[in-house]
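This report refers to the structure that appears directly beneath it.
2 protein chains.
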Amino acid sequence: HWTPRLNSHHVSPHLLDLLPAKNGEEPTIQFLLEIVDILTNYVKKTFDRSTKVLDFHHPHQLLEGMEGFNLELSDQPESLEQILVDCRDTLKYGVRTGHPRFFNQLSSGLDIIGLAGEWLTSTANTNMFTYEIAPVFVLMEQLTLKKMREMIGWAGGEGDGLFSPGGAISNMYSVMMARYKYFPEVKTKGMSAAPRLVLFTSEHVRDTGRVIPADLEAKIIDAKQKGYVPLFVNATAGSTVYGAFDPINEIADICEKYNLWLHVDGAWGGGLLMSRKHRHKLAGVERANSVTWNPHKMMGVPLQCSAILVREKGILAGCNSMCAGYLFQPDKQYDVNYDTGDKAIQCGRHVDIFKFWLMWKAKGTIGFEQHIDKCLDLSQYLYNKIKNREGYQMVFDGVPQHTNVCFWYIPPSLRSMPDSEERREKLHRVAPKIKAMMMESGTTMVGYQPQGKNVNFFRMVVSNLAVTQSDIDFLIDEIERLGQDL
Amino acid sequence: HWTPRLNSHHVSPHLLDLLPAKNGEEPTIQFLLEIVDILTNYVKKTFDRSTKVLDFHHPHQLLEGMEGFNLELSDQPESLEQILVDCRDTLKYGVRTGHPRFFNQLSSGLDIIGLAGEWLTSTANTNMFTYEIAPVFVLMEQLTLKKMREMIGWAGGEGDGLFSPGGAISNMYSVMMARYKYFPEVKTKGMSAAPRLVLFTSEHVRDTGRVIPADLEAKIIDAKQKGYVPLFVNATAGSTVYGAFDPINEIADICEKYNLWLHVDGAWGGGLLMSRKHRHKLAGVERANSVTWNPHKMMGVPLQCSAILVREKGILAGCNSMCAGYLFQPDKQYDVNYDTGDKAIQCGRHVDIFKFWLMWKAKGTIGFEQHIDKCLDLSQYLYNKIKNREGYQMVFDGVPQHTNVCFWYIPPSLRSMPDSEERREKLHRVAPKIKAMMMESGTTMVGYQPQGKNVNFFRMVVSNLAVTQSDIDFLIDEIERLGQDL
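Protein sequence lines correspond, in order, to chains G and A.
Just remember that the working numbering sits 491 ahead of the position in the first sequence, which is counted from 1.
Just remember that the working numbering sits 491 ahead of the position in the second sequence, which is counted from 1.
See the structure below:
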């Protein structure tokens with residue numbers, strides 16, 4: 492039960508009394524401290540394993556209003572006390588993605604330094620448009636991107652890059668740069684200035700989900716014979732479901748042979764570059780023309796934090812700059828090469844760099860390495876635990892390359908049933924049923940999906956440094972508890 | 492001078508000791524409270540007019556390290572004390588975009604409720620991918636978008652929409668939807684499946700920067716005669732420099748006549764829909780097929796917060812959904828229509844809704860109306876103050892439609908000089924010189940730019956509720972102080 496802790500003579504009833512803060516400094520700061528109290532309590536509980544991961548309700552239940560939690564907006568303002576209650580309720584009915592037993596997404600965890608970085612970023616409330624309004628953040632972005640390019644292996648960390656709102660948009664940048672590199676006239680004349688371009692990315696996969704180089708080459712030749720123009724190959728470094736790494740060196744050979752742009756989508760797997768033990772899985776990445784790498788996935792940086800990195804200098808600006816004099820003035824008193832906004836397809840751009848920069852300062856490169864190595868060790872622990880355990884079947888053979896462990900849980904009722912369409916249909920329904928029960932009991936969350944001819948299976952991933960072996964054990968116990976009678 | 496306030500026996504030297512918080516709860520919370528202390532001090536000073544807007548340094552100065560502020564990243568971790576110092580320095584050398592005398596960008600101000608909303612959002616650290624992991628935020632997005640569609644005037648608030656990372660990306664969604672509406676085969680067959688499409692947006696403008704409908708129609712006819720296919724017209728509601736509103740009803744007539752998609756880019760001007768006094772400037776917006784509206788601009792919501800709204804239901808999903816079974820499972824226990832992620836071009840999507848929803852709760856619709864009306868009143872105050880003042884010349888005639896007031900300051904040395912190329916060149920250099928001096932003295936910031944044949948002029952905008960008439964007076968005094976001897 493919520494008790495107002497503000498002294499009533501300090502509390503302004505409405506938002507408008509908070510501003511300007513100079514005339515209402517005390518209530519403003521009091522209100523922020525009340526919010527911080529709510530948030531620090533949430534942080535404490537998030538890491539407490541006796542707290543549930545979520546308190547599940549259906550959409551119609553939340554829309555009808557839970558214990559007075561009213562989502563509807565109105566013409567009239569609410570009191571600050573009610574705003575505090577709304578904040579508590581928002582957290583109460585949400586999902587604790589930082590909980591050590593939340594394994595549902597590639598992004599998880601709640602890094603305290605990253606969190607502090609986000610709080611500071613929102614307090615600074617500026618944008619990455621120009622050096623003029625974001626001098627420190629613009630420089631942090633440049634220095635951090637250079638470090639990332641060094642990790643990729645580009646000589647001297649040379650090249651260019653940007654932080655973008657996510658992996659899909661980073662990948663879009665790579666396609667735009669490739670098109671500009673080979674057909675720059677598209678920028679001014681449109682797509683009709685280019686021939687029919689073809690992009691290649693993995694869909695046909697072998698058992699582990701990796702691209703087959705010979706198959707890729709055959710498809711390139713086939714496209715050319717049909718009169719199309721192959722432009723771009725995407726090599727996935729850490730696929731979403733299997734965590735598979737495409738063989739970059741073999742693909743790079745093909746790209747060189749046919750003069751194609753090589754992009755490495757390391758949104759999920761890029762973080763492994765920080766680990767001396769695991770970076771070999773991206774061998775050849777230095778041969779890529781561009782790389783997507785999302786620190787908000789494997790490296791535990793709060794959302795959003797995704798980088799597009801490119802080897803050739805100048806191409807990012809060449810591709811995207813509009814040289815709009817009304818946005819970027821050349822006659823400023825400082826070096827306007829630091830006005831990076833014209834490289835972006837966005838005008839305003841959120842400051843995604845600071846939390847990452849601050850985490851790197853706080854952990855050092857070796858801290859990220861420890862993070863990566865620990866998460867991969869935990870996945871190996873899970874793999875070893877279940878690979879020969881009764882009631883489990885792995886989706887693909889061999890040790891996982893990333894933290895992805897894909898498996899079926901086979902309830903006792905299906906264990907002796909011979910393979911058949913009926914059994915497959917039954918097995919297909921097992922993971923969704925267990926997942927629904929997990930969510931309703933609120934104890935843990937893990938993803939499932941079908942893939943190709945494989946019926947629904949669990950995909951376990953670990954990217955949260957707070958996870959321990961006991962949490963892995965808990966997940967397996969929970970699957971067995973919920974699934975034994977299916 | 493910074494004094495460590497953490498008790499040394501509570502302080503862990505490094506980040507790794509903060510996690511998991513369960514075992515290091517005290518230092519974790521202590522660290523967060525230290526951060527909050529830094530941030531609340533920053534908030535207080537931001538609203539204190541005796542504080543500078545910025546403490547300007549050139550890029551090379553910051554890169555060399557100011558008083559020990561080292562931007563470089565290293566292999567080894569830093570102590571938590573140093574992290575706190577880094578946070579202070581980051582704010583110290585940044586720009587106070589919430590300061591009542593910062594007028595440099597369309598986004599300004601520091602709304603305390605919005606700030607609290609961002610702090611909560613980053614603590615929740617989830618993404619808008621599915622109802623499963625963001626149940627409350629997904630519903631808030633739906634309800635808020637519906638309210639925005641009601642403000643636009645679409646019957647019953649029907650339609651669809653999304654929050655995107657910014658106005659440029661919202662506008663891109665509109666182009667993609669228009670293309671899908673008329674040429675759906677582009678989704679599967681590529682651009683070669685469509686004819687040569689033409690988009691229209693204002694470049695040829697009259698004095699106030701508004702589109703001339705007859706000119707638009709002539710250009711559409713011309714494009715058709717050349718064999719192109721007109722697809723899309725963008726009507727700008729609040730242009731960046733002049734704050735001009737295109738005549739939407741007249742443009743809508745033309746779009747209906749030629750069967751074109753009408754998009755209204757209200758990134759800057761959309762906020763005026765909240766004001767009964769000013770919404771007539773967007774008359775006809777309900778006839779648009781899609782609307783971009785950035786609450787992070789005129790409505791003072793922290794960055795990033797931009798919405799794309801569309802009148803026709805189903806087209807957003809139709810255009811963007813990939814139905815990837817590995818991302819969106821149809822066999823969940825809840826109504827998966829709430830899994831909005833498949834409508835977006837992104838996979839992970841930052842939670843931009845909460846701060847806006849919380850501000851709407853706290854202010855009510857009438858609070859936003861007061862915000863809009865106050866900012867436009869202040870611009871009118873500026874306009875009235877300088878329109879006949881010696882040494883000022885307005886860039887366009889008449890009362891500004893938005894908060895944009897565009898003007899030249901003419902130093903005494905140029906006032907009696909007859910119009911000539913020499914005078915124009917001299918005048919062109921005035922605004923950059925004054926701006927550079929403003930930044931170096933740190934007292935205020937306002938934007939300038941050339942536009943078409945107009946040499947550099949100042950563009951004043953107001954979107955921060957903390958601004959008062961005295962701040963407008965200050966700006967004019969400061970321009971005259973810095974510019975009188977030029």
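Heads up, the beta-carbon is just placed ideally off N, CA and C, and yes, glycines get one too.
1. Hey, out of G:I963, G:A615, G:S766, whose CA is closest to D843 (chain G)'s CA?
2. For my contact list, E609 (chain A) and M619 (chain A) are in at a C-beta cut-off of 8 Å; report their separation, rounded to the angstrom.
3. Closest by CA to Y817 (chain G), which one among A:F593, A:D964, A:N945?
4. Exposed or buried, what is N828 (chain G) when buried is set at 16 or more other beta-carbons lying within 10 Å of its beta-carbon?
5. Check whether the stretch 730-739 of chain G and the stretch 899-909 of chain G are in contact - that is, three or more C-beta pairs closer than 8 Å.
6. According to DSSP, which residues form a beta bridge with Q942 (chain G)?
7. Could you list the residues in the stretch 563-580 of chain G with a C-beta less than 7 Å from some C-beta on chain A, going in chain order?
8. Report the residue from A:D539, A:C796, A:N947, A:M790 whose alpha carbon sits nearest the alpha carbon of M885 (chain A).
9. How about M642 (chain G): is its C-beta nearer than 7 Å to some C-beta of chain A?
10. What's the gap between the Cα of I660 (chain G) and the Cα of I574 (chain G)?
11. Looking only at C-alpha atoms, which of A:E569, A:G589, A:I603, A:Y533 sits nearest to I526 (chain G)?
12. Between which two residues does the beta strand (DSSP E) containing L722 (chain G) stretch?
13. Counting contacts by CB-CB distance shorter than 7 Å, is S613 (chain G) in contact with chain A?
14. If you draw a straight line from the C-alpha of N955 (chain A) to the C-alpha of L751 (chain A), how long is it?
15. Measure the C-alpha to C-alpha separation of D964 (chain G) and K876 (chain G) and round it to an integer number of angstroms.
16. With 7 Å as the threshold, decide whether the Cβ of S503 (chain G) is near any Cβ in chain A.
17. Is A927 (chain A) helix, strand or coil by DSSP?
18. Measuring CA to CA, which of A:L562, A:D539, A:L601, A:L545 is closest to L523 (chain G)?
19. Whole-angstrom Cβ separation of G650 (chain A) and R802 (chain A), contact assumed at under 8 Å?
20. Determine the extent of the beta strand (DSSP E) in which S665 (chain A) is found, giving its start and end residues.
21. Counting C-beta neighbours from all protein chains within 10 Å, is the total for N532 (chain A) 16 or more, i.e. buried, or is it exposed?
22. Check whether chain A comes within 7 Å of H769 (chain G), counting only Cβ atoms and requiring the distance to be less than that.
23. What are the start and end residues of the beta strand (DSSP E) that includes H754 (chain A)?
24. Which value, in whole angstroms, describes the spacing of the CA atoms of T474 (chain G) and R915 (chain A)?
25. On the criterion of 16 or more Cβ atoms from any shown chain inside 10 Å, does P626 (chain A) qualify as buried, or is it exposed?
26. Contact defined as beta carbons within less than 8 Å: I believe E733 (chain A) pairs with C897 (chain A). What is the distance between those atoms, to the nearest angstrom?
27. Alpha carbon to alpha carbon, how far is L582 (chain G) from V921 (chain G)?
28. In terms of alpha-carbon separation, which member of A:L564, A:D962, A:K678 lies closest to G809 (chain A)?
29. Determine whether the Cβ of G974 (chain A) lies closer than 7 Å to any Cβ atom of chain G.
30. Looking at C-beta atoms only, is the number of pairs between the stretch 965-976 of chain G and the stretch 925-932 of chain G that lie closer than 8 Å three or more?
31. Along the chain, where does the alpha helix (DSSP H) containing L807 (chain A) start, and where does it finish?
32. Taking the Cβ atom as the reference point for each residue, do N785 (chain G) and S797 (chain G) lie within a distance shorter than 7 Å?
33. List the residues of chain A whose Cβ lies closer than 8 Å to the Cβ of N595 (chain G), in chain order.
34. Using a Cβ-Cβ cut-off of 7 Å, state whether M790 (chain G) counts as contacting chain A.
35. If I measure Cβ to Cβ from L688 (chain G) and keep anything under 6 Å in the same chain, skipping five residues before and after, which residues do I get?
36. For R770 (chain A), count the other beta carbons within 10 Å of its own beta carbon; 16 or more makes it buried, fewer makes it exposed. Which is it?
In terms of the structure at hand:
1. Nearest C-alpha to D843 (chain G): G:A615.
2. So it is not a contact: roughly 15 Å between Cβ atoms.
3. Of A:F593, A:D964, A:N945, the residue nearest in Cα terms is A:N945.
4. So N828 (chain G) ends up on the exposed side.
5. Segments in contact, no.
6. Per DSSP, G:N945.
7. Cβ proximity to chain A below 7 Å picks out E563, L564, S565, D566, Q567, P568, E569, I574, D577, C578 from the stretch 563-580 of chain G.
8. Residue A:N947 is the option with its Cα nearest to M885 (chain A).
9. Not an interface residue.
10. Approximately 34 Å between the Cα atoms of the pair.
11. Nearest option by C-alpha distance: A:I603.
12. Looking at the DSSP string, the run of the beta strand (DSSP E) that includes L722 (chain G) is 720-727.
13. Yes, S613 (chain G) lies at the interface with chain A (some Cβ there is under 7 Å from its Cβ).
14. Going by the C-alpha atoms only, they are around 37 Å apart.
15. Near 9 Å, if we compare the C-alpha coordinates of K876 (chain G) and D964 (chain G).
16. Caution applies to S503 (chain G), whose pLDDT of 42 falls short of 50 and renders its modelled position unreliable; the value that the coordinates give is listed next. The beta carbon of S503 (chain G) sits no closer than 7 Å to any beta carbon of chain A.
17. Secondary structure at A927 (chain A): helix, using DSSP grouped into helix, strand and coil.
18. Ranking A:L562, A:D539, A:L601, A:L545 by Cα distance to L523 (chain G) puts A:L601 first.
19. With a Cβ gap of about 5 Å, G650 (chain A) and R802 (chain A) count as contacting.
20. DSSP places S665 (chain A) in no beta strand (DSSP E) but in the uninterrupted alpha helix (DSSP H) bounded by 658-673.
21. Its Cβ having fewer than 16 others within 10 Å, N532 (chain A) is exposed.
22. For H769 (chain G), not one C-beta of chain A is nearer than 7 Å to its own C-beta.
23. Note, H754 (chain A): beta strand (DSSP E), 752-757.
24. Residue 474 (chain G) is absent from the structure shown; chain G starts at 492 and stops at 977.
25. By the neighbour-count rule (16 or more Cβ atoms within 10 Å), P626 (chain A) is buried.
26. The sequence given here has Tyr at residue 733 (chain A), not Glu. Between the beta-carbon of Y733 (chain A) and that of C897 (chain A) there is about 6 Å, and that keeps the pair under the 8 Å contact cut.
27. V921 (chain G) has its alpha-carbon roughly 30 Å from the corresponding atom of L582 (chain G).
28. Nearest to G809 (chain A) by C-alpha distance, out of A:L564, A:D962, A:K678, is A:K678.
29. Chain G contact via Cβ: absent.
30. Enough Cβ pairs lie closer than 8 Å, so yes.
31. Here the alpha helix (DSSP H) through L807 (chain A) covers 806-811.
32. The criterion of a C-beta distance shorter than 7 Å is satisfied by N785 (chain G) and S797 (chain G).
33. Near N595 (chain G) (Cβ distances below 8 Å), the residues of chain A are E623, I624.
34. Nearest CB-CB separation between M790 (chain G) and chain A: not below the 7 Å threshold.
35. Within the same chain, and ignoring the five residues on either side of L688 (chain G) in sequence, the residues whose Cβ sits closer than 6 Å to its Cβ are V720, L722.
36. Result: buried.
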